[in-house]
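In our numbering, the protein residues as written are 18 to 260.
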Ligand code: ADP
Ligand code: MG
């Protein structure tokens, strides 16, 4: 079976217009994320976490190297096919929820289906709405919800197309610890019960400890891979690297 995501020697140099580019944000990174994995990406600010996520998701084109989502190599696709791949096979959860305030929760959740011009799978959508526990609120607007509830809606939206992988960039960053923990449990349920693949960026050791595997980044490289680490170990690893 192919992996959910594969990066082979990916380098990304951000080049502002007219600039020759500085140090690579990603420096020769190779990574395989198997299907059904719950992977956390840790590292200090500026270590390349978001760039890794954006390259893995086809939001950003690598300067060098190759990226596959399932058995599709992104770099080989034309722009329209790449857009379709992003819409149908990748889900995103952001720190700031990014729901559309004028749409109801139901409309927010099903927006990716409308963008992808597919009706979606009713049974799957029902299961997702059940999972996030907001079935009674579907006709409300995001502004009527707490931050934690909005993030649950964002998770449901990310899953609407039943993507190959859900990418979450600091999904608990705007939430208090208890509410953040509920979002992490939700992500964990999706992996365990629905076989989803989740890649989550976080700088919070207790959030990363909820993942199965953790990669630690520094200076655009993966400098460590840890299997089922606990929060104290991650704190120690990051503390050691910050010095
Ligand atoms: P992280 O998410 O770990 O904080 P990023 O991937 O956002 O790190 O950034 C890695 C490096 O690339 C940083 O030095 C950052 O300043 C730089 N960078 C990120 N995005 C851009 C961009 N669009 N243009 C120029 N430099 C960027
Ligand atoms: Mg970032």
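We put the CB at the ideal spot given by N, CA and C, even for glycine.
Quick caveat, the model's predicted, so the values are computed rather than measured.
Would you give the residue range spanned by the beta strand (DSSP E) that residue i belongs to?
i, result
"residue 342", "Absent from the model: residue 342. The displayed extent of the chain is 18 to 260, so no value can be given."
"residue 45", "43–50"
"residue 247", "No beta strand (DSSP E) holds residue 247; DSSP gives it neither H nor E."
"residue 178", "Looking at the DSSP string, residue 178 is not in any beta strand (DSSP E), and its letter there is neither H nor E."
Output the distance between the C-alpha atoms of residue i and residue j, rounded to the nearest integer angstrom.
i, j, result
"residue 84", "residue 196", "34 angstroms"
"residue 63", "residue 74", "19 angstroms"
"residue 178", "residue 137", "6 angstroms"
"residue 65", "residue 233", "10 angstroms"
"residue 148", "residue 102", "25 angstroms"
"residue 250", "residue 231", "11 angstroms"
"residue 181", "residue 239", "23 angstroms"
"residue 22", "residue 49", "6 angstroms"
"residue 98", "residue 129", "16 angstroms"
"residue 123", "residue 257", "45 angstroms"
Determine which residues share a DSSP beta bridge with residue i and list them.
i, result
"residue 55", "215"
"residue 206", "For residue 206, which the question treats as bridged, DSSP gives no partner whatsoever."
"residue 185", "110, 217"
"residue 90", "85"
"residue 231", "57, 243"
"residue 99", "The partner list for residue 99 (beta bridge, DSSP) is empty, contrary to what the question assumes."
Excluding five sequence neighbours on each side, which residues of the same chain lie with their C-beta closer than 8 angstroms to the C-beta of residue i?
i, result
"residue 194", "223"
"residue 114", "159, 164, 167, 168, 170, 171, 191"
With a threshold of 7 angstroms, establish whether the CB of residue i neighbours any heavy atom of the ligand MG.
i, result
"residue 29", "no"
"residue 186", "yes"
"residue 156", "no"
"residue 218", "yes"
"residue 67", "yes"
With a threshold of 7 angstroms, establish whether the CB of residue i neighbours any heavy atom of the ligand ADP.
i, result
"residue 190", "no"
"residue 42", "yes"
"residue 33", "yes"
"residue 63", "yes"
"residue 164", "no"
From what residue to what residue does the alpha helix (DSSP H) around residue i run?
i, result
"residue 68", "66–73"
"residue 130", "122–132"
"residue 32", "Residue 32 -> no alpha helix (DSSP H), and no H or E assigned at all."
"residue 193", "From DSSP, residue 193 is part of no alpha helix (DSSP H); its letter is neither H nor E."
"residue 223", "222–225"
"residue 145", "139–149"
In chain order, what residues of the same chain lie with their CB nearer than 6 angstroms to the CB of residue i, ignoring the 5 residues before and after it?
i, result
"residue 79", "27, 29, 72"
"residue 4", "Because residue 4 is not part of the residues shown, which for the chain are 18 to 260, the question remains open."
Starting from the C-beta of residue i, find all residues in its chain whose C-beta is less than 7 angstroms away, skip the five residues before and the five after it, and write them out in chain order.
i, result
"residue 160", "118"
"residue 245", "229"
Taking 7 angstroms as the cut-off, is the beta-carbon of residue i closer than that to any non-hydrogen atom of the ligand FMN?
i, result
"residue 49", "The ligand FMN is absent from the structure shown, which contains only the ligand ADP and the ligand MG."
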